[in-house]
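>
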Amino acid sequence: MRPPAYQLLADELRADITSGRLQPGERLPPEPELCVKTGVSRSTVREALRLLASQHLIVTTRGVTGGSFVSHPDAEQLADGLATGFTLLTNSDGVGLADLLELRRALEVPAAGLAALRREDDHLLEIRSALFDPALDDLETMLAAHAAFHMAVAKATGNPLFELVVRPLYHATYGEEVTSNLPEGYWVQIDVDHRQMLDCLVNRDAEAASRAAAAHLDYVVRSTQTLDVTPRYAG
Numbered sequence: 001m002r003p004p005a006y007q008l009l010a011d012e013l014r015a016d017i018t019s020g021r022l023q024p025g026e027r028l029p030p031e032p033e034l035c036v037k038t039g040v041s042r043s044t045v046r047e048a049l050r051l052l053a054s055q056h057l058i059v060t061t062r063g064v065t066g067g068s069f070v071s072h073p074d075a076e077q078l079a080d081g082l083a084t085g086f087t088l089l090t091n092s093d094g095v096g097l098a099d100l101l102e103l104r105r106a107l108e109v110p111a112a113g114l115a116a117l118r119r120e121d122d123h124l125l126e127i128r129s130a131l132f133d134p135a136l137d138d139l140e141t142m143l144a145a146h147a148a149f150h151m152a153v154a155k156a157t158g159n160p161l162f163e164l165v166v167r168p169l170y171h172a173t174y175g176e177e178v179t180s181n182l183p184e185g186y187w188v189q190i191d192v193d194h195r196q197m198l199d200c201l202v203n204r205d206a207e208a209a210s211r212a213a214a215a216h217l218d219y220v221v222r223s224t225q226t227l228d229v230t231p232r233y234a235g
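So that you can map any letter, position 96 of the sequence shown is 96 in the numbering used here, and since no number is skipped, the others follow by simple counting.
1) What residues match up with residue 60 in a beta bridge as DSSP calls it?
2) Please classify residue 106: is it buried, with 16 or more other beta-carbons within 10 angstroms of its beta-carbon, or exposed?
3) Express the C-alpha separation of residue 112 and residue 153 in angstroms, rounding to a whole number.
4) The alpha helix (DSSP H) that contains residue 196, what's its start and end?
5) Could you tell me whether the Cβ atoms of residue 123 and residue 156 are closer together than 7 Å?
6) Would residue 40 and residue 31 be called neighbours here (beta carbons separated by less than 7 Å)?
7) List the endpoints of the continuous alpha helix (DSSP H) containing residue 40.
8) Using DSSP with H/G/I as helix, E/B as strand and the rest coil, what is residue 235?
9) Give me the residue from 160, 145 and 184 with the minimum Cα distance to residue 170.
10) From the DSSP output, which residues share a beta bridge with residue 27?
11) Does residue 135 pass the burial test, meaning 16 or more other C-beta atoms within 10 Å, or should it be called exposed?
12) Do residue 48 and residue 10 count as a contact pair if the criterion is CB distance below 7 Å?
13) So the alpha helix (DSSP H) residue 142 belongs to, where does it begin and stop?
14) Am I right that residue 116 and residue 204 are in contact with their C-beta atoms under 8 Å? What's the rounded C-beta distance?
15) The alpha helix (DSSP H) that contains residue 18, what's its start and end?
16) For residue 67, collect the residues of the same chain with a Cβ closer than 8 Å to its Cβ; drop the 5 residues on either side in sequence, then sort them by chain order.
17) Just to confirm, is the Cβ distance from residue 213 to residue 120 under 7 Å?
18) What residue from 37, 55 and 217 has the CA that sits closest to residue 150's CA?
19) Assuming residue 2 is part of the alpha helix (DSSP H), what are its boundary residues?
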């Protein structure tokens with residue numbers, strides 16, 4: 001079955017964007033010009049542009065100087081698309097918690113080492129602000145802080161691809177079957193691990209940072225290995 005005309009036009013424009021023929025910030029041809037060039041109606045052009053905007057590939061502004069422009073890459077927005085893919089996998093292929101932790105190890109251990117070498121002072125401030133107090137903070141606060149901590153470490157690598165790929169991992173939720181069955185002192189140890197990793201980054205000790213990240217994940221694996229859980233993605 002042939003795709004609808006707006007989908008074909010969106011695919012063509014998407015190819016121009018992803019190939020670099022259209023650069024970030026560059027204006028797309030006006031709607032009337034696209035109609036003439038492609039031989040489709042204005043409503044078809046608008047539907048194609050709406051689709052690209054929903055995928056964060058373009059932004060559309062109104063007014064005399066308005067139009068549709070190629071978006072500048074944004075890790076948070078691009079991660080939304082990856083999160084959707086994670087959601088589809090977990091729903092169809094039964095990706096479990098062990099699979100997610102295996103991927104975290106592959107990404108976060110080298111990321112910690114790179115972050116120690118490349119971090120700037122503003123990165124340290126962001127990471128430090130993601131620490132929590134297990135004696136005072138509630139579970140929701142600690143979960144949010146845990147995600148913010150690891151995303152900030154990924155950002156500190158200076159490699160936006162780490163930030164892009166790590167961010168969707170923290171859209172996952174596990175429900176009470178995980179959070180209510182964690183060992184006593186779990187969040188105390190997570191806090192200790194995070195502070196140790198931060199110290200390694202402050203000292204620019206890449207080897208120690210990688211070891212700390214690996215030990216942190218080892219603890220998470222030991223604490224959850226008896227749980228057979230499929231992560232659910234929040235977005």
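Just so you know, even glycine gets a beta-carbon here, dropped at the ideal spot from N, CA and C.
Per the coordinate set shown:
1) In the sequence shown, residue 60 corresponds to position 60, counting from 1. Per the DSSP secondary-structure output, residue 60 pairs in a beta bridge with 68.
2) Locating residue 106 in the sequence shown gives position 106, where the first residue counts as 1. With fewer than 16 Cβ atoms within 10 Å of its Cβ, residue 106 is classed as exposed.
3) The sequence position of residue 153 within the sequence shown is 153, counting from 1. The sequence position of residue 112 within the sequence shown is 112, counting from 1. Approximately 7 Å, taken between the alpha carbons.
4) Position 196 of the sequence shown, counting from 1, holds the residue named residue 196. Here the alpha helix (DSSP H) through residue 196 covers 186-202.
5) By 1-based counting over the sequence shown, the position of residue 123 is 123. By 1-based counting over the sequence shown, the position of residue 156 is 156. It is a contact, given that the beta carbons lie within the stated cut-off.
6) The residue given as residue 40 occupies position 40 in the sequence shown. The residue given as residue 31 occupies position 31 in the sequence shown. Not closer than 7 Å, so no.
7) In the sequence shown, counting from the first residue as 1, residue 40 sits at position 40. Per DSSP, residue 40 lies in no alpha helix (DSSP H) and is assigned neither H nor E.
8) Sequence index remark: in the sequence shown, residue 235 carries index 235 (1-based). Confidence in residue 235 is poor, its pLDDT being 31 and thus under 50, which makes the residue's placement unreliable; the coordinate value appears in the next sentence. In the displayed model, residue 235 falls within coil according to three-state DSSP, outside both helix and strand.
9) Residue 170 sits at position 170 when you count from the first residue of the sequence shown. Of the candidates 160, 145 and 184, the one whose C-alpha sits nearest the C-alpha of residue 170 is 145.
10) Sequence index remark: in the sequence shown, residue 27 carries index 27 (1-based). Residue 27 is bridged to 69.
11) To locate residue 135, count along the sequence shown from 1; it is residue 135. Taking all protein chains shown into account, residue 135 has fewer than 16 neighbouring C-beta atoms within 10 Å of its C-beta and is therefore exposed.
12) For the purposes of this step, residue 10 is identified with residue 10 of the sequence shown, where counting begins at 1. For the purposes of this step, residue 48 is identified with residue 48 of the sequence shown, where counting begins at 1. Contact flag set, yes.
13) Sequence index remark: in the sequence shown, residue 142 carries index 142 (1-based). It spans 139-156 - the alpha helix (DSSP H) in which residue 142 sits, taken as one unbroken run.
14) Translated into positions along the sequence shown, residue 116 becomes position 116. Translated into positions along the sequence shown, residue 204 becomes position 204. The beta carbons of residue 116 and residue 204 sit about 5 Å from each other, so the pair counts as a contact at 8 Å.
15) Walking along the sequence shown from the start, residue 18 turns up at place 18. 5-18 is the extent of the alpha helix (DSSP H) around residue 18.
16) Sequence index remark: in the sequence shown, residue 67 carries index 67 (1-based). Here the set comprises 27, 28, 30, 60 and 61.
17) Counting from one through the sequence shown, the residue named residue 213 turns up at place 213. Counting from one through the sequence shown, the residue named residue 120 turns up at place 120. A distance of 7 Å or more separates the beta carbons of residue 213 and residue 120.
18) One-based indexing of the sequence shown puts residue 150 at position 150. With distances taken between Cα atoms, residue 150 lies closest to 217.
19) The sequence position of residue 2 within the sequence shown is 2, counting from 1. Per DSSP, residue 2 belongs to no alpha helix (DSSP H) and is neither H nor E.
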